[in-house]
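S.K.: Per my numbering, the sequence shown starts with residue 156, numbered consecutively.
Ideal Cβ placement from N, Cα and C applies to all residues, glycine included.
Only a predicted model underlies this, so the values are computations on that prediction, with no experimental measurement involved.
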Amino acid sequence: GLNLIALIEVLSQKKVPRHNKRPNFRSQKLENVSVVLDFLENTERIRLVNIGKFILPIGYKNVCKCSEEIS
Numbered sequence: 156g157l158n159l160i161a162l163i164e165v166l167s168q169k170k171v172p173r174h175n176k177r178p179n180f181r182s183q184k185l186e187n188v189s190v191v192l193d194f195l196e197n198t199e200r201i202r203l204v205n206i207g208k209f210i211l212p213i214g215y216k217n218v219c220k221c222s223e224e225i226s
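Spelled out as structure tokens, the structure:
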């Protein structure tokens with residue numbers, strides 16, 4: 156969540172609004188991911204297909220293949 160927010164803020168050069176800066180619970184972490192996905196869809200106009208807030212924190216390998224390409 157927070158790493159994704161930091162990455163998106165650097166890449167887009169914009170601040171992600173209203174996220175939890177110190178998430179302690181899984182629900183808060185999922186909310187942060189949801190805020191980032193909403194930011195990408197609404198502010199950056201990036202169309203996300205088959206990516207939801209429950210997929211990224213679990214770490215499905217078919218969604219994020221960068222770790223396989225680097226190793």
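Out of curiosity, what's the CA-to-CA distance linking T198 and V165?
M.R.: The residue given as residue 198 occupies position 43 in the sequence shown. The residue given as residue 165 occupies position 10 in the sequence shown. Between T198 and V165, the C-alpha separation is close to 15 Å.
S.K.: If you run the structure through DSSP and keep just helix, strand and coil, what is R181?
M.R.: Looking up residue 181 in the sequence shown gives position 26. Note: R181 maps to helix in three-state DSSP.
S.K.: State yes or no: is the C-beta of V229 within less than 8 Å of the C-beta of L159?
M.R.: Absent from the structure is residue 229, since the part of the chain shown begins at 156 and ends at 226.
S.K.: DSSP three-state label for N197, please.
M.R.: Locating residue 197 in the sequence shown gives position 42, counting from the first residue. Reduced to three states, the DSSP call for N197 is helix.
S.K.: Secondary structure at V232, three-state DSSP: helix, strand or coil?
M.R.: Because the chain here runs from 156 to 226, residue 232 falls outside it and cannot be looked at.
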